[in-house]
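Chemist: Residue 80 in full-length UniProt numbering sits at position 80 of the sequence shown, and the numbers go up by one each step.
We put the beta carbon where it would ideally sit given N, CA and C, even for glycine.
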Amino acid sequence: MSAVERAGLLRLLEERDADGTTQYNRLKKFAQSPTWSHFKRLIAQLDWLDGLGDSGRGRTASHRGRSRTSPGRPTRRTRPN
């Protein structure tokens, strides 16, 4: 993670909205009912999120969740032919 990306993440905890909510808590907010105004607000939030930087860089397969195989159990790739 570069220094600029780290500063962007730390800014999520420091900057607050008018009501005192951090930008991090704004990200965690649940989606609202499907109305046109909520859709516009979602688009604005996604644009803001894109402005934080490349969030896809550095992701690995671990973000998809828990592995289906047990630790130590051979997978298809590790089995001998």
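Could you check the C-alpha separation between residue 51 and residue 40 for me, to the nearest Å?
Modeler: Between residue 51 and residue 40, the C-alpha separation is close to 17 Å.
Chemist: Residue 22 and residue 12 look like a contact to me (Cβ under 8 Å); what is the Cβ gap, rounded to whole Å?
Modeler: Right, their Cβ atoms sit about 7 Å apart.
Chemist: Once the 5 residues before and after residue 16 are set aside, which same chain residues still bring their CB inside 6 Å of it?
Modeler: Cβ neighbours of residue 16 beyond the five flanking positions: 22.
Chemist: Quick one: what's got a C-beta closer than 6 Å to residue 8's C-beta in the same chain, skipping five residues either side?
Modeler: Same-chain partners within the cutoff: 52, 53.
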